[in-house]
Every structure is written in C-alpha cells, then in structure tokens.
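**Student:**
2 protein chains.
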Amino acid sequence: MIVAMSRYDPSAFPPFAVTVDLVVLTVREHALCALLVRRGEPPYQGYWALPGGFVRPDEGLAEAASRELAEETGLRAPSAPGHDAAGPGAAGAHLEQLATYGHPQRDPRMRVVSVAYLVLAPDLPTPRAGGDASGARWAPVTELLGPDRADGVPLAFDHGLILADGVERARSKIEYSSLATAFCATEFTVGELRRVYEAVWGVVLDPRNFHRKVTGTPGFLLPSGGTTTRQGGRPAQLFTSGGANVLNPPMLRPES
Amino acid sequence: MIVAMSRYDPSAFPPFAVTVDLVVLTVREHALCALLVRRGEPPYQGYWALPGGFVRPDEGLAEAASRELAEETGLRAPSAPGHDAAGPGAAGAHLEQLATYGHPQRDPRMRVVSVAYLVLAPDLPTPRAGGDASGARWAPVTELLGPDRADGVPLAFDHGLILADGVERARSKIEYSSLATAFCATEFTVGELRRVYEAVWGVVLDPRNFHRKVTGTPGFLLPSGGTTTRQGGRPAQLFTSGGANVLNPPMLRPES
DNA sequence: GATCATAGTCGTCTCTCTGACGATAAGCAC
DNA sequence: GTGCTTATCGTCAGAGAGACGACTATGATC
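So the protein lines, in turn, are chains A and B.
Our numbering numbers the first residue of the first sequence as 1 and each following residue consecutively.
Our numbering numbers the first residue of the second sequence as 1 and each following residue consecutively.
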C-alpha cells in the first residue's frame, strides 16, 4: 500500500497502527485485581503490560478486543451494546469500550492509536501466558495505582494511565448499574455481591442496609430458588443478575 | 512506508486512517442542537455530516479535535482532563472524548477508525462553512434522531450513531456534574441554567425546586454579584460555574 | 448435644432530600 | 395604577439512606 500525505486529497492519509488494550478486572480474595502480561519483546521487554494486540484489517474494534480476550483468558465476552443473547444470569464477562489513547510518542516504534476495552469478569483460574507474553498474573490494583505503589516498576507504555481510567470507570459504573454482578458467578448471594462492592470501592458496607437496597431495587436481582452455605453461617438465598441496566436511585458510594 | 502483515512481527502492522469527528452541541431557542456540515466531496457528497478530519502524524487525538473545532467554529476548547486554566467561569467550550468507531466498512474508501469527541458550547453565531464543507448549520437533535426524524435523509457514514451516543452522553452527564454550565455564557441566571436542562432532557422542571437544588449544592454555582433582567420579569441573580466536577447527590431526571 | 462464631435477614428510628405547590418580590408593557 | 412575567422563599408529605437492634439458621468446637 502506497501512502502519501496531501492536505486536500481525502484519499490520502497518514498511516496509523491501531491496537486494542484490555483492562481485565476481577475480584479475588477481597481485592480488585487486573490482568497483566509480561512483555517478551522490546520495547519495554520484561515489563508488565495490559494484554492487547493489533487490530486486523478485516475485524471491528470490539471484535478484536473479544478475540484478544479469548486468546489471553479463554473468556467469551459479548460486547456491551448488544444484550447478552444467553439471557439474564448467563456466565461470561462484560466487555465495553473504555477510551482511546493516541499520544504521538506513546509507542517508540511507530504511531499507534490504542482503543482500550474494559472487561469485568468473575474470578478466573490463574491465567496462562499466551502469544507474545512470557508470563501473566493477576495484580491487585492497589499495588499498581497511586503514589504508594508497592511494585516500583511502572507498567509498559501508558498502560498505568489506561488501567487507572478503567478502574475509575468500573468504580463509578457499579454505582448506577447492575454491573457488579459481572464480577460474580452465575448464581451468587447478597453477601457475595456486597463483597464485590467492598473490594471495588475499598470500603465496608453495612450488610443490612445493603441487603435492603439490592433486594428492594426492581430488576437488580432475580431469586434463583436455591440457597448456599459456601460463605459459612446461615444459608443464603441465591440470585442471578436481573439485568437491569440502570439503577434508579443508584447505589451510593460512602463519603464521596 | 512499506507495510507488511506478519502474525508475530510486532514491527509490522496493517495501516489504518485515523480521524476525529466532533459532536458539537449547543442550546438555541430552547432546543438542543448539533453542528452539521454538508459534505462537498464523495463519498456521501451533499449529505450532512459531523465536522471532523484526519489526525495529523504529529498531533495527539484531543489536539486534533481541538484544531478541527477551531477550524469549524472558531471556538477555543481546553481538553477535559486538564482543568480550565482560565479558572471557573471562563468562557470556551467543554471538550471530552466520546468513543471510537471502527467498523471495517464504515468508510467505503479505506479502513478508517474515528475517535469521536463531544463538545458542549454556549450559543454561537451561525457557523461558517470551512475546509471541505460546502455548508454548515445547527440542527435540532430531535430532527436527527429517532424514527420520527423530520429530515428523511440520514447523516453520512455512521454519524447518526455517533450523534446519538453524544447526545446520550450529554444527557446523562449533566445529571451528576456541573457540565450544563458549559452551555451557558460566562454569567448566567438560574432560570437560564434551568432552560438548558429542559432543552437537553426535553422536560419541564419546577422552577422553585430547581432553584433550591442548584443554589443548595455546594460548588455548583458562584454568585457573581450582578443581576439581569434579560429574561424579563423580576431581576435575577447572576452566577458563574463553581466548577464542581461531581454533584452529590445528582440532579434527577424526571421519570427515568 | 450445648455452646459459640459466623453470616443472613427483618425492623425501627431519624434525618435528608425530593416533588408538589402556595405565596411573595420586582421588574416591564399598557 | 393593572396585568404579566420571571425570580425567590416557604411549607408539607413521602421516599430513601444511615445507624443500629434483634432474630435466624447453619457449621465448628468443646
């Protein structure tokens, strides 16, 4: 392909590389964690980075994100705008576009525009390294963000910024949607859902008020009929996500 | 530039064109309006489209959006994440990234990924046609969206979809931020701000409850000291935007 | 089996905020 | 002045949230 740049010729254009990067979040051991892969090649060889890759010439952006997600984790994720064809309570991760990053020097090799996607997934087995990554892990986001970062080595490229944006999106979106259920298994208890909120927001919530709120919000939870004692204590009712897209009034994050 | 495609060679990549498209919204005559330009060249010659253009090789995405905005409207817009350097109440439009659109066939000429930006501006003079556009106008969004579209001709490319996403973003964002003030002049009255909400949401709000809400929310409005009678009736206090980024509790959109 | 620890669930009280609406204030047109 | 407009203040009932007491039903431990 021959490429030329002329101000007024609309058939000419400067070429860009387009990639997708994934902010894959899950809740494990009461902490919000992000999926990282270790880069096996320069630039940033040996650094931890968000999973991602080039968009192919014949695929859409969400399609590329979904493909990369499957390659890295084996997760099947319907894209966000289309409703989950499997209906309420179906397993599988939530995927939505986050933002696009295109600083001219964000990749030293060439001009790269990266479309970031946010994935919210239930707890998964330890990831396998895939493709061009020499390792993969779940990292608590508290160790990756902020000035009190435990791991002194930053992420590759601008992935620290992308991760921060993704975490902020997740934190605000579970306020006014039922998206927190995407962090849970198909069936879950009110207490498990509460622990998701507590992990994502980093707060403690009153179990009684939380129970009243989520069970009193129409469309948020559907009773599945069963009970479980897997958390110990008194048996708890099992629910599936009611699929309500928008909660009104929203869940309130304490002291924000 | 020679381009090749190889699965595992990270220095090779399929080339994309990257553009920015602008959803410029304003409120005029009690209606939410979007800026459209008429395309002077194929494809979609003669169709109305969102303003926009190619990103240059050496500029960032927000920079390109800001440049296109200035070229089309003369507006100077600071990008959203950085706070307005001119301080609270400064004129100038609000600009933020909206979403990125990259369906493989969205442009018949080539593979184009478009990063859409949302601009909220106070009422502006009738726009001039600029660059490759043969005309420009403000169109009420009610005439452009939905099945009851008055103008039977759709917008070029996927710009109808982009516009719908931008309008939805604006409608939801003024709920929990002070962004509605971006539609007003530097100094404005409570009534003028209420008419912004009414136009964007397409509802009527109770003037007394609205007044109590906005004047009672800390950081939303700053009294500027003056008064005006430009809306008729009793003189109204003038305010500037207090710059509060997030309103808690939010403004409530009726019956949503 | 009795006791304890754990987690779930229901209720109550108070306070804040909202929606509905009455009442008053202060300009302009005539 | 009267009438019309818009702005602003007040009042009241109801919904919802935060704080917290009380009770329930399981497994663990003695």
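All C-beta atoms, glycine included, are put in the ideal place defined by N, C-alpha and C.
#1: DSSP puts T53/B in a beta bridge; with which residues?
#2: Roughly how many whole angstroms lie between the Cα atoms of P140/B and A34/B?
#3: Who are C184/A's beta bridge partners in DSSP?
#4: What is the residue span of the beta strand (DSSP E) that Y117/A lies within?
#5: In chain B, what lies closer than 9 angstroms to H103/A by C-beta?
#6: Alpha carbon to alpha carbon, how far is Y176/B from M251/B? Give it in angstroms, no decimals.
#7: From the DSSP output, read off the bridge partner residues of G135/A.
#8: I'd like to know whether the C-beta of P57/A is nearer than 9 angstroms to at least one C-beta of chain B.
#9: At the 9 angstroms Cβ level, is T73/A part of the contact set with chain B, yes or no?
#10: Check whether the Cβ of F13/A lies closer than 9 angstroms to any Cβ atom in chain B.
#11: For the region 152-170 of chain A and the region 39-59 of chain A, state whether three or more C-beta atom pairs, one from each stretch, are separated by less than 8 angstroms.
#12: Any beta carbon from chain A within less than 9 angstroms of A17/B's own beta carbon?
#13: Nearest chain A C-beta to V115/B closer than 9 angstroms, yes or no?
#14: Can P108/B be considered in contact with the ligand ZN, in the sense that its beta carbon sits closer than 8 angstroms to one or more heavy atoms?
#15: I'd like the list of long-range same chain contacts for G242/A, defined as Cβ closer than 7 angstroms, with 5 residues on each side in sequence excluded.
#16: Could you work out which residues of chain A lie near T100/B, taking near to mean beta carbons separated by less than 7 angstroms?
#17: Could you compute how far the alpha carbon of G46/B sits from the alpha carbon of R38/B?
#18: Is there a Cβ from chain A that is less than 9 angstroms from the Cβ of R171/B?
#19: What residues from the region 215-241 of chain B come within 7 angstroms of chain A, judged by C-beta to C-beta, listed N to C?
#20: Along chain B, which residues have their Cβ under 7 angstroms away from the Cβ of F210/A?
#21: Roughly how many whole angstroms lie between the Cα atoms of S172/A and Q237/B?
**Tutor:** From the atom records:
#1: For the purposes of this step, residue 53/B is identified with residue 53 of the second sequence, where counting begins at 1. Contrary to the premise, residue 53/B reads as Gly rather than Thr in this sequence. V20/B, per the DSSP bridge assignment.
#2: For the purposes of this step, residue 140/B is taken as residue 140 along the second sequence, with counting starting at 1. For the purposes of this step, residue 34/B is taken as residue 34 along the second sequence, with counting starting at 1. Using only the alpha carbons, I get a separation of about 6 angstroms.
#3: The residue given as residue 184/A occupies position 184 in the first sequence. Answer is none; C184/A lacks a bridge partner.
#4: Along the first sequence, read from residue 1 onward, the residue named residue 117/A stands at position 117. Counting along the chain, the beta strand (DSSP E) containing Y117/A begins and ends at V112 to L120.
#5: Position 103 of the first sequence, counting from 1, holds the residue named residue 103/A. What H103/A touches in chain B: G60 and L61.
#6: Counting from 1 along the second sequence, the entry for residue 251/B is found at position 251. Counting from 1 along the second sequence, the entry for residue 176/B is found at position 176. One C-alpha to the other measures close to 6 angstroms.
#7: Working through the first sequence from its first residue, we reach residue 135/A at position 135. R38/A, per the DSSP bridge assignment.
#8: What you label residue 57/A is simply residue 57 of the first sequence in a count that begins at 1. Yes, P57/A counts as interfacial toward chain B.
#9: Taking the first residue of the first sequence as position 1, residue 73/A is located at position 73. No, T73/A lies away from the interface with chain B (no Cβ there is under 9 angstroms from its Cβ).
#10: Taking the first residue of the first sequence as 1, we reach residue 13/A at position 13. At least one chain B Cβ lies under 9 angstroms of F13/A.
#11: yes
#12: Residue 17/B sits at position 17 when you count from the first residue of the second sequence. Answer yes: the Cβ-Cβ gap between A17/B and chain A drops below 9 angstroms somewhere.
#13: For this step, residue 115/B is matched to residue 115 along the second sequence. True, the Cβ-Cβ gap to chain A drops below 9 angstroms.
#14: Only the bare structure without any ligand can be found here, which leaves the ligand ZN out of the picture.
#15: Within the first sequence, numbered from 1, the residue matching residue 242/A stands at position 242. So the list reads P88, S178, G219, F220, L221 and L222, once near-sequence residues are dropped.
#16: Stepping through the second sequence from its first residue, residue 100/B is reached at position 100. Correct list: L61, Q97, T100 and V115.
#17: Numbered from 1 along the second sequence, position 46 holds the residue referred to as residue 46/B. Numbered from 1 along the second sequence, position 38 holds the residue referred to as residue 38/B. If you take the alpha carbons of G46/B and R38/B, they lie about 6 angstroms apart.
#18: Position 171 of the second sequence, counted from the first residue, corresponds to residue 171/B. No - not a single Cβ of chain A is within 9 angstroms of the one on R171/B.
#19: none
#20: By one-based count along the first sequence, residue 210/A stands at place 210. Near F210/A there are no residues of chain B at all, since even the closest Cβ is about 18 angstroms away, more than 7 angstroms.
#21: Here residue 172/A corresponds to residue number 172 of the first sequence, with the count starting at 1. Here residue 237/B corresponds to residue number 237 of the second sequence, with the count starting at 1. Computed Cα separation, rounded: 34 angstroms.
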